[in-house]
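Asker: Take the sequence shown: its letters are residues 42 to 474, numbered as in my numbering. Every residue, glycine too, gets a C-beta built ideally from N, C-alpha and C. Please read all numbers here as calculations on a predicted model, not as lab measurements.
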Amino acid sequence: MRDLIFVSLEPWNAIWRRNQFLCAQLANRFPEMRLLFVESPLFTIDSWKSRKRVPTFARRLRRIEGFSNIRAFTPVKVLPNPLPGGRNFNERMMLAQIMRASKLVGLRDPLLWLNPFDFGFVSGCLNDRGLVYDITDDWELAEPEGPGRERIKNLDREMCRMADLTVVCSRALFDSREEIARRVLLVPNGVDAAHYANLDARDRRPHGHFDAQGNFVRDENNGIATPTAPKIKVDHAKWPRPVFGYTGSLHPERIDLGLVKALSRAFPEGSVVLVGPDHFLPGELERELEGYSNIHAPGAVDYKDIPDVMAGFDVCIVPHQRSEFVESLNPIKLWEFLAAGKPIVSADVAGFRDFPHLVRLASDEAGFVEACREALQEVNACKGGDSAQPCLRAARQSEAVGHSWSGRTDELLRALEEANLIAPKKANVEAAS
Numbered sequence: 042m043r044d045l046i047f048v049s050l051e052p053w054n055a056i057w058r059r060n061q062f063l064c065a066q067l068a069n070r071f072p073e074m075r076l077l078f079v080e081s082p083l084f085t086i087d088s089w090k091s092r093k094r095v096p097t098f099a100r101r102l103r104r105i106e107g108f109s110n111i112r113a114f115t116p117v118k119v120l121p122n123p124l125p126g127g128r129n130f131n132e133r134m135m136l137a138q139i140m141r142a143s144k145l146v147g148l149r150d151p152l153l154w155l156n157p158f159d160f161g162f163v164s165g166c167l168n169d170r171g172l173v174y175d176i177t178d179d180w181e182l183a184e185p186e187g188p189g190r191e192r193i194k195n196l197d198r199e200m201c202r203m204a205d206l207t208v209v210c211s212r213a214l215f216d217s218r219e220e221i222a223r224r225v226l227l228v229p230n231g232v233d234a235a236h237y238a239n240l241d242a243r244d245r246r247p248h249g250h251f252d253a254q255g256n257f258v259r260d261e262n263n264g265i266a267t268p269t270a271p272k273i274k275v276d277h278a279k280w281p282r283p284v285f286g287y288t289g290s291l292h293p294e295r296i297d298l299g300l301v302k303a304l305s306r307a308f309p310e311g312s313v314v315l316v317g318p319d320h321f322l323p324g325e326l327e328r329e330l331e332g333y334s335n336i337h338a339p340g341a342v343d344y345k346d347i348p349d350v351m352a353g354f355d356v357c358i359v360p361h362q363r364s365e366f367v368e369s370l371n372p373i374k375l376w377e378f379l380a381a382g383k384p385i386v387s388a389d390v391a392g393f394r395d396f397p398h399l400v401r402l403a404s405d406e407a408g409f410v411e412a413c414r415e416a417l418q419e420v421n422a423c424k425g426g427d428s429a430q431p432c433l434r435a436a437r438q439s440e441a442v443g444h445s446w447s448g449r450t451d452e453l454l455r456a457l458e459e460a461n462l463i464a465p466k467k468a469n470v471e472a473a474s
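As structure tokens, this is what we get:
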């Protein structure tokens, strides 16, 4: 495998997304490969506003813990893009920084892998030999009609025509790019199913069951699971049951707060938990949820701690909006929720609707609430109690195993070979699994 420059939309941090999973797979399979992971740029004005010093170049080029062959680099941009000449200046400045980082890492004829639609300006300038464009969201559809949307569309289409291989994560993205891209490959997101195995062993909540209305009835013997609470910022034992939980980024164009509030009203003695980074405007989410004391948004949680958080869910929920933009997604949480085995209730959106036998789908607030009530009866069944609902835990977990990140990486490597972007070579598959 050749050296790789991977330009990401996000930083490499404890909240793992598609990019980290794929890079980790490649780094483990090809230990001789050097990988430069370029993070989202740091805007100096944001640092000045928060009265933080901009880190030096040396501090912005760092090793990634657990991977001897990955370096992460954070470029800096100085001017606001809308300023006359600002965007062009920023692009030249960021290109120079990435060139310097690439040289320091010692990359040789790297493959260039671009996630952002607006980073085509680096192609051909980094001694790169081949371009992969990886589309995870249709950002054009997230933008209101106008010049901004048209700009995104033009840049995206130009990238599709430039790239030797365009990789997409959803059927909607594949259908919309198939006639534009030179070569397009659909590779959905995946999961490390073992990471979510046996969540019951992490459950520290009182034992009990749910009645027909969905109220939690504590066992007479007052049994309580005994695992020691890990030292993380979210303690699932504090949430009153039933607990309806969501994990993932909280974006205003994705989350349907109407569904969340309806669920809160229907189960006032329970909890609705939204775990993930808040991408609403500052203070907007708090204002929206004011008066809903049983809705909790504790913020982002490290990937390694997500299983402990999910152990406290009775039902995994996906309160997503139904929109063109959401239809372009292939949420990682689909595969993670399946791997957890717990009941899943989702809005009728892309990805989740492909598994109607494993996911309860709803098209409105009343249907969403009723599906959650029904899902609680499945919880009873999975605990060995009386229930008209079958326990689908094993079926969900079995489905998740077939969608591993290892398998997704196999698909990518075959496509890279077919596009002559890498030479066929035996990888260390055992190290990546």
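For Cys64, which of helix, strand or coil comes out of DSSP?
Answerer: helix
Asker: Count the CB pairs spanning the stretch 185–196 and the stretch 411–430 that are closer than 8 Å, and state whether there are at least three.
Answerer: no
Asker: May I ask which residues mark the beginning and end of the beta strand (DSSP E) holding Asp175?
Answerer: Leu172 to Ile176
Asker: Buried or exposed, going by whether 16 or more other CB atoms sit within 10 Å of the CB of Glu406?
Answerer: buried
Asker: Name the two residues that bound the continuous alpha helix (DSSP H) containing Leu457.
Answerer: Trp446 to Glu459
Asker: Assuming Val314 contacts Val284 (C-beta within less than 8 Å), just tell me the rounded distance between them.
Answerer: 6 Å
Asker: Kindly indicate which three-state DSSP category His398 falls into: helix, strand or coil?
Answerer: Correct three-state label for His398: coil.
Asker: Pairs of beta-carbons, one from the stretch 323–339 and one from the stretch 427–443, closer than 8 Å: are there three or more?
Answerer: Touching, no, given that fewer than three Cβ pairs across the two stretches are closer than 8 Å.
Asker: Starting from the N-terminal side, write out each stretch of the beta strand (DSSP E) that is 3 residues or longer and does not extend beyond the stretch 81–144.
Answerer: 102–105 and 108–114
Asker: Please state whether DSSP places Ile358 in a helix, a strand or coil.
Answerer: Strand.
Asker: By DSSP, does Tyr287 sit in helix, in strand, or in coil?
Answerer: strand
Asker: Measure how close the beta-carbons of Ala303 and Val410 come, nearest whole angstrom, since I'm counting them as under 8 Å.
Answerer: 6 Å
Asker: Are the beta-carbon atoms of Ile86 and Pro121 separated by less than 9 Å?
Answerer: yes
Asker: With burial defined as no fewer than 16 other Cβ atoms inside 10 Å of the residue's Cβ, what is the status of Pro125: buried or exposed?
Answerer: Answer is exposed; the Cβ neighbour count stays below 16.
Asker: From the DSSP output, in three-state form, read off Gly299 for me.
Answerer: helix
Asker: Let me check understanding here. Comparing Cα to Cα, which of Phe321, Arg282, Arg223 and Val350 lies closest to Arg414?
Answerer: For Arg414, the closest of Phe321, Arg282, Arg223 and Val350 by C-alpha to C-alpha distance is Arg282.
Asker: Return the CA-CA distance between Pro82 and Val258, expressed in angstroms with no decimal places.
Answerer: 50 Å
Asker: Got a sec? Which residues, its chain only, sit under 6 Å from Thr115 by beta carbon, not counting five neighbours each side?
Answerer: Glu80, Leu83 and Arg101
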